[in-house]
Each structure stands twice: as C-alpha cells, then as structure tokens.
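Enquirer: Residue numbers 1 to 385, in my numbering, belong to the letters of the sequence shown in order.
All C-beta atoms, glycine included, are put in the ideal place defined by N, C-alpha and C.
Everything numeric in this text was worked out from a predicted model, so none of it was measured.
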Amino acid sequence: MDFGLTDEQELILESVREFASRYYTEEKIAEMYAAGRTPDDVLQAYLETGLGFMGLPEEYGGVPCDNVTLGLIVEEIAHSTGSTTPFLNYTLSMRDMFEFGSEDQIKLAFDEYNKTGQPMFSLAFSEPAAGSDNSAMTCVTKKQADGTYILNGQKTWVTMGEVFPYALVIAKDEDPARENRNMTMWLVPKELKGVSTAPLHKIGQQIMPFCEMYFDDVVLTEDMRVGEQGQGFMNLMKNFELERCFICAQDLGLAQAAMDDAAAYVSERITFGKPISNYQLIQEKLTDMETVLQNARNMLYKTLWKIDNGQSVRIDSALLKRYCGQKLNWVASEAVQIFGGLGFTTETRVGRLWLDTRGNDIAGGTSEIMVYIAGRQLAKKYARQ
Ligand SMILES: Cc1cc2nc3c(=O)[nH]c(=O)nc-3n(C[C@H](O)[C@H](O)[C@H](O)COP(=O)(O)OP(=O)(O)OC[C@H]3O[C@@H](n4cnc5c(N)ncnc54)[C@H](O)[C@@H]3O)c2cc1C
1 MDFGLTDEQE LILESVREFA SRYYTEEKIA EMYAAGRTPD DVLQAYLETG LGFMGLPEEY
61 GGVPCDNVTL GLIVEEIAHS TGSTTPFLNY TLSMRDMFEF GSEDQIKLAF DEYNKTGQPM
121 FSLAFSEPAA GSDNSAMTCV TKKQADGTYI LNGQKTWVTM GEVFPYALVI AKDEDPAREN
181 RNMTMWLVPK ELKGVSTAPL HKIGQQIMPF CEMYFDDVVL TEDMRVGEQG QGFMNLMKNF
241 ELERCFICAQ DLGLAQAAMD DAAAYVSERI TFGKPISNYQ LIQEKLTDME TVLQNARNML
301 YKTLWKIDNG QSVRIDSALL KRYCGQKLNW VASEAVQIFG GLGFTTETRV GRLWLDTRGN
361 DIAGGTSEIM VYIAGRQLAK KYARQ
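1. Excluding the 5 residues preceding and the 5 following V371 in the sequence, name in chain order all residues of the same chain whose CB lies nearer than 7 Å to its CB.
2. Taking 7 Å as the cut-off, does the CB of E162 come closer than this to any heavy atom belonging to ligand 1?
3. My assumption, with CB atoms under 8 Å, is that T386 sits in contact with M208. Please give the rounded CB distance.
4. Mapping the DSSP letters down to three states, classify Q9 as helix, strand or coil.
5. So what's A177 in DSSP terms, helix, strand or just coil?
6. Please go through the same chain and pick out, in chain order, the residues whose beta-carbon is closer than 6 Å to the beta-carbon of Y214, but skip the five residues on each side of it.
7. Starting from the Cα of K190, find the closest Cα among R178, E212 and P165 and give me that residue.
8. With a threshold of 7 Å (Cβ to nearest heavy atom), would E212 be considered close to ligand 1?
9. Taking C-alpha atoms, which residue in E334, K302, V266 and P275 lies nearest to M289?
10. Hey, is T271 close to ligand 1, as in C-beta under 7 Å from one of its heavy atoms?
11. Candidates V313, T156, E368 and E48: which alpha carbon is nearest A198's?
12. Would you check if the distance between the CB atom of M224 and the CB atom of V266 is smaller than 8 Å?
13. To which residues of the same chain is I338 closer than 7 Å at the C-beta, ignoring the five residues directly before and after it?
14. Please go through the same chain and pick out, in chain order, the residues whose beta-carbon is closer than 8 Å to the beta-carbon of L5, but skip the five residues on each side of it.
15. Quick one: residues in its chain with C-beta nearer than 7 Å to the C-beta of G131, no 5 flanking neighbours on either side, listed in chain order?
16. Return the CA-CA distance between D96 and G61, expressed in angstroms with no decimal places.
17. Since F233 and R181 should fall inside the 8 Å C-beta cutoff, what is the C-beta to C-beta distance between them, to a whole number of angstroms?
18. Can you give the beta carbon distance from V68 to L304, rounded, assuming they're within the 8 Å contact cut?
19. For ligand 1, I want to know if Y372 counts as a neighbour, meaning its beta carbon is within less than 7 Å of at least one of the ligand's heavy atoms.
20. Could you spell out where the beta strand (DSSP E) holding M213 opens and where it closes?
21. Using a Cβ-Cβ cut-off of 6 Å (strictly less than) and excluding sequence neighbours within five positions of K327, which residues of its own chain qualify?
22. Whole angstroms is fine: what's the gap from P275's alpha carbon to E18's?
23. Helix, strand or coil, according to DSSP, for F98 in the structure here?
24. With 16 as the cutoff for other CB atoms within 10 Å, does R349 come out buried or exposed?
25. I'd like the span of the alpha helix (DSSP H) that includes F240, first residue to last.
26. Between D66 and E27, what straight-line distance do the alpha-carbon atoms span, to the nearest angstrom?
27. Would you grab the beta carbon distance between A167 and A124 for me? Rounded to a whole angstrom, and I think it's under 8 Å.
28. Would DSSP call E127 helix, strand or coil?
29. At a threshold of 7 Å, does I369 count as lining ligand 1 (C-beta to nearest heavy atom)?
30. For a test of your reading of the model: does the CB of W157 fall under 7 Å from any non-hydrogen atom of ligand 1? Yes or no.
31. Return the residue from the list L252, A332, N295 and A374 that minimises the CA-CA distance to I77.
32. Please determine whether the Cβ atom of G359 lies at a distance below 7 Å from any heavy atom of ligand 1.
33. Let me confirm a value: T25 is counted as buried when at least 16 other C-beta atoms fall within 10 Å, else exposed. Which label applies?
34. How many Å lie between F110 and L92 at the Cα?
35. Would you mind reading off the limits of the beta strand (DSSP E) that contains I150?
36. Considering only the beta carbon of each residue, do G36 and Q229 sit closer than 8 Å?
Shown next as structure tokens:
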C-alpha cells in the first residue's frame with residue numbers, strides 16, 4: 001500500500017497550481033460567474049499547459065493517464081481555483097465522443113476542442129419528469145419511410161446547452177413507453193428546425209449555465225447517430241461510475257478550499273478577548289471537517305485505484321458519491337458558520353463554495369439514488385449462503 005504521489009504527479013499538480021494562480025484571482029472568478037462563461041484565453045491556456053489533453057487517447061494527441069492521476073488533477077483544479085471550472089466536464093464529454101462516436105464525429109468534436117478548448121456539444125439526458133427515474137423518459141425518435149428520424153420531446157438541466165452548437169441527446173427508439181429500454185444517442189445540431197432552448201437560472205456553479213431544450217418534429221439523419229442503435233443508455237451508464245468519482249474529486253477540492261479559509265480564520269478572529277481557535281466548539285468543527293475531507297480523499301482514490309486495476313466499483317462509487325455529496329457540502333456549510341456574518345457575504349468565498357458543493361449532491365445522481373444502487377448490492381454481498 002502506497003499513499004505517496006509519484007514525482008510526475010507532483011509536477012503535474014505544480015503546473016495545475018501555477019495555472020490556477022495565473023488565471024483564477026477572486027476578481028476574475030466573480031467576473032466569470034457573472035458572465036456564465038470561461039474566457040477564451042483561459043480555455044486556450046488550459047490546453048497549452050497540456051492539462052486539457054490528459055486522459056484523452058494518444059492517437060488524437062492526448063496524453064493517456066491513469067484515473068488516479070486524473071482525479072488528482074480535478075481535485076487540485078477545484079482546490080487551487082476555489083471555484084467550479086468546466087474542464088472536468090469537457091474532458092468527460094470528449095472521452096464519451098472518443099468511445100462512442102464515428103470517425104467523422106470524433107474529428108468534428110476534436111477539431112473544435114483543439115481550437116477552442118471546449119467540446120462542441122452538451123449532454124441532454126434528463127427530462128422534467130425523468131431525472132433519477134430515467135425509464136420515464138419520453139423523448140422519442142420515429143423512423144420515416146425515407147430513412148430519416150423525427151425527434152420529439154423535452155430535455156432539461158442541460159449544462160452549457162445554450163452555448164454549444166450541438167447537443168448529445170438520448171431518446172427512446174420508436175416508443176416512449178416506460179417499458180421500452182431501447183435508447184439511442186444522437187448528436188443533434190441546434191441549428192436544425194424545431195430545436196429551441198430556454199434558460200434556467202442556477203443558484204451555484206453559474207460558470208456553467210444550464211437550460212431547457214425542446215425538440216419539435218426535428219428531422220435527424222442516420223449520420224447523427226452516436227454509437228449503436230438502442231445502446232445509448234447502456235453506453236452512457238458504462239462511464240457513470242467513473243464520472244461520479246470525478247464529480248466527487250471536484251467536490252473534494254471545493255470543500256478543501258472552504259476548509260483552508262475557515263481553518264486559517266479561526267486564528268485571526270477574536271471574540272471575548274481570544275482567537276476563536278481557543279473554543280472547543282470551534283475545534284470540534286475543524287476536527288470533524290478534516291475527518292470528512294480525509295475520509296472522502298481515501299474513498300475517492302481507493303475507488304479510482306480499483307477502476308485502474310480493473311475491479312468492480314459498483315458499490316464503492318455509490319458509497320463515495322453519497323458520502324461526498326452530503327458531507328462535503330456540510331464541510332462548506334461549517335466553513336460559512338465559522339466565518340459568522342462575514343461567511344454570509346460575498347466578501348469571502350465560502351458562500352460560493354457552499355452553493356457549488358450543494359449542486360454536486362444532485363448532479364450525476366442524487367445521494368438518495370446512491371442508496372438505491374448500493375443498498376441492494378450490499379444486501380446481496382452480505383447475504384448468508
Ligand atoms: C448542477 C447540475 C448539473 C446538471 N447537468 C445535467 C446535464 O448536463 N445534463 C442532464 O441531462 N442533466 C443534468 N442534471 C440533472 C440531474 O442529472 C438530475 O437533476 C438528477 O439526476 C436528479 O433528477 P431530478 O432533478 O429529476 O430529481 P428527482 O428524480 O425528481 O428526485 C427528487 C427527489 O426525490 C428523490 N428520489 C427520487 N427517486 C427516489 C427513490 N427511488 N428513492 C428515494 N428517493 C428518490 C431524489 O433523490 C430527490 O431528492 C444536472 C443537475 C445539476 C444539479
């Protein structure tokens with residue numbers, strides 16, 4: 001068992017910290033959140049450092065790396081910027097495209113990524129009546145006599161849906177009924193007739209706005225299909241466990257940033273003639289916050305290590321997502337509490353960290369759904385033979 005980092009990992013993390021200190025001052029972060037976008041020069045710089053190519057296939061100019069290293073990068077970006085950034089989402093979107101897209105689709109997406117640092121598509125999966133309960137999805141395509149498909153339905157909470165020119169849409173084949181599990185992924189150009197969007201206003205993570213998306217008799221052609229017919233849901237699910245780990249890595253970095261600020265402040269803030277670090281109630285907060293951070297980190301990297309070593313993480317990834325979703329937001333909330341009134345202002349960043357971590361208890365599967373996944377597996381695992 002080795003908890004140390006390699007020299008290479010140390011160097012990569014050093015370059016993450018350099019990148020963060022250069023582009024992510026508090027003033028710049030406030031501007032980015034207000035504008036709901038990451039400036040082009042920051043996206044470009046992320047590519048130029050090489051970080052944007054980590055975890056992508058070598059044949060396309062990527063730098064393959066294990067998932068533990070990728071997790072370290074995601075955590076450190078969130079930690080050293082103290083903010084949500086889009087880079088994780090972009091890497092994951094590109095990985096989906098490399099795995100399931102046709103050569104033409106990959107080329108289209110990668111050329112754009114190379115040029116702008118952004119994938120050209122958002123992921124449109126959730127629907128107003130089908131978030132956790134994805135069988136209730138009613139977005140549907142129907143094949144026409146001329147070989148085209150007609151897409152109808154609505155998606156929601158589509159991150160960057162208004163910004164990117166394409167959406168990767170999951171729709172049922174032919175029949176919107178709950179029993180129909182055949183779903184296909186489509187790379188839908190937003191400029192097609194019948195596609196429209198409406199904004200939704202986030203309370204946190206505003207750097208990546210989301211939106212509603214409507215499809216009204218949209219004509220799709222066969223070349224817009226991504227992956228095999230009927231396999232869209234299964235394909236997407238294949239990577240969900242890993243994606244959950246990376247959401248947790250981001251969440252962990254944010255909560256660590258909140259801890260850094262709060263744990264430093266306790267020595268500075270004087271009440272009743274003493275720094276608040278003297279009070280046991282405050283010491284208890286720091287102790288419990290640090291325990292959560294260490295637990296989350298141990299669970300995260302053990303789960304990623306298991307994935308790297310070809311082991312099943314069905315239970316581990318659900319336990320991790322539930323633990324991080326709930327507890328890391330609690331860490332950020334305690335950080336707000338330690339700052340008192342100041343914590344409830346925009347003079348400190350802990351309020352932003354609290355709101356940003358809150359969203360991660362919902363995105364990528366809620367903590368209640370993680371019980372649904374892990375609970376049944378645990379009952380099976382521990383059943384007497
Ligand atoms: C920041 C953010 C980004 C997102 N980005 C995207 C995106 O890019 N693309 C996309 O398609 N979607 C996206 N989503 C949507 C996200 O995947 C869904 O919000 C999530 O899966 C939950 O679905 P829901 O909102 O419909 O909640 P519901 O499924 O309606 O759940 C409501 C509540 O009931 C609980 N619940 C539901 N079923 C059960 C059950 N069986 N047992 C116990 N409790 C249950 C839930 O845990 C929750 O507390 C994003 C969401 C967030 C917050």
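Expert: Quick look at the numbers:
1. Translated into the one-based positions of the sequence shown, residue 371 becomes position 371. So the list reads R322, once near-sequence residues are dropped.
2. Along the sequence shown, read from residue 1 onward, the residue named residue 162 stands at position 162. Not so, every heavy atom of ligand 1 lies at least 7 Å from the Cβ.
3. What the structure shows of the chain is the stretch from 1 to 385, and residue 386 is not part of that stretch, so it cannot be assessed.
4. Position 9 of the sequence shown, counting from 1, holds the residue named residue 9. Of the three classes helix, strand and coil, the one that applies to Q9 here is helix, per DSSP.
5. Counting from 1 along the sequence shown, the entry for residue 177 is found at position 177. If DSSP states are grouped into helix, strand and coil, A177 belongs with coil.
6. Position 214 of the sequence shown, counted from the first residue, corresponds to residue 214. Hits under 6 Å: Q154 and S196.
7. Numbered from 1 along the sequence shown, position 190 holds the residue referred to as residue 190. With distances taken between Cα atoms, K190 lies closest to P165.
8. Here residue 212 refers to the residue found at position 212 of the sequence shown. Result no, Cβ not under 7 Å from ligand 1.
9. Stepping through the sequence shown from its first residue, residue 289 is reached at position 289. Residue E334 is the option with its Cα nearest to M289.
10. Counting from one through the sequence shown, the residue named residue 271 turns up at place 271. Every heavy atom of ligand 1 is 7 Å or more from the Cβ of T271, so no.
11. Mapped onto the sequence shown, residue 198 falls at position 198. It is T156 whose Cα lies nearest to the Cα of A198.
12. Residue 224 sits at position 224 when you count from the first residue of the sequence shown. Residue 266 sits at position 266 when you count from the first residue of the sequence shown. Taking 8 Å as the Cβ cut-off, M224 and V266 do not qualify as a contacting pair.
13. As a position in the sequence shown, residue 338 is number 338, starting the count at 1. Correct list, in chain order: A262, Y265, V266, I282 and K285.
14. Within the sequence shown, the letter at position 5 stands for residue 5. Excluding sequence neighbours, L5 sits near L13 and L72.
15. Counting from 1 along the sequence shown, the entry for residue 131 is found at position 131. Closer than 7 Å at Cβ, skipping near neighbours: no residue.
16. As a first step, residue 96 must be located in the sequence shown, where it is residue number 96. As a first step, residue 61 must be located in the sequence shown, where it is residue number 61. D96 and G61: Cα-Cα distance of roughly 16 Å.
17. Taking the sequence shown and counting its residues from 1, one reaches residue 233 at position 233. Taking the sequence shown and counting its residues from 1, one reaches residue 181 at position 181. Contact holds; Cβ gap of about 7 Å.
18. Reading the sequence shown from its first residue, position 68 is the one you call residue 68. Reading the sequence shown from its first residue, position 304 is the one you call residue 304. Correct: roughly 5 Å between the Cβ atoms.
19. Taking the sequence shown and counting its residues from 1, the one referred to as residue 372 is at position 372. Yes, the beta carbon of Y372 sits closer than 7 Å to at least one heavy atom of ligand 1.
20. For this step, residue 213 is matched to residue 213 along the sequence shown. Where M213 is concerned, the enclosing beta strand (DSSP E) stretches over F210 to L220.
21. Reading the sequence shown from its first residue, position 327 is the one you call residue 327. Excluding sequence neighbours, K327 sits near V292.
22. For the purposes of this step, residue 275 is taken as residue 275 along the sequence shown, with counting starting at 1. For the purposes of this step, residue 18 is taken as residue 18 along the sequence shown, with counting starting at 1. Between P275 and E18, the C-alpha separation is close to 32 Å.
23. In the sequence shown, counting from the first residue as 1, residue 98 sits at position 98. Correct three-state label for F98: helix.
24. Within the sequence shown, numbered from 1, the residue matching residue 349 stands at position 349. Buried is the call here.
25. As a working note, residue 240 is residue 240 in the sequence shown. From DSSP, the alpha helix (DSSP H) with F240 extends over F240 to Y265.
26. Position 66 of the sequence shown, counted from the start, is the residue given in the question as residue 66. Position 27 of the sequence shown, counted from the start, is the residue given in the question as residue 27. Their backbone Cα atoms lie some 34 Å apart in a straight line.
27. By one-based count along the sequence shown, residue 167 stands at place 167. By one-based count along the sequence shown, residue 124 stands at place 124. Going by Cβ atoms, the distance from A167 to A124 rounds to 4 Å, so yes, they are a contact pair.
28. Sequence index remark: in the sequence shown, residue 127 carries index 127 (1-based). Strand at E127.
29. Taking the first residue of the sequence shown as 1, we reach residue 369 at position 369. For ligand 1, at least one heavy atom lies less than 7 Å from the Cβ of I369.
30. Indexing the sequence shown from 1 puts residue 157 at position 157. Yes, the Cβ of W157 comes within 7 Å of a heavy atom of ligand 1.
31. On the sequence shown, residue 77 is found 77 positions in, with the first residue counted as 1. It is L252.
32. The residue labelled residue 359 in the question sits at position 359 within the sequence shown. True, at least one ligand heavy atom lies under 7 Å from that Cβ.
33. Translated into the one-based positions of the sequence shown, residue 25 becomes position 25. Flag for T25 reads exposed.
34. Numbered from 1 along the sequence shown, position 110 holds the residue referred to as residue 110. Numbered from 1 along the sequence shown, position 92 holds the residue referred to as residue 92. The straight-line gap from Cα to Cα measures roughly 13 Å.
35. On the sequence shown, residue 150 is found 150 positions in, with the first residue counted as 1. Here the beta strand (DSSP E) through I150 covers Y149 to T159.
36. In the sequence shown, the residue the question calls residue 36 occupies position 36. In the sequence shown, the residue the question calls residue 229 occupies position 229. No, the Cβ-Cβ distance between G36 and Q229 is not below 8 Å.
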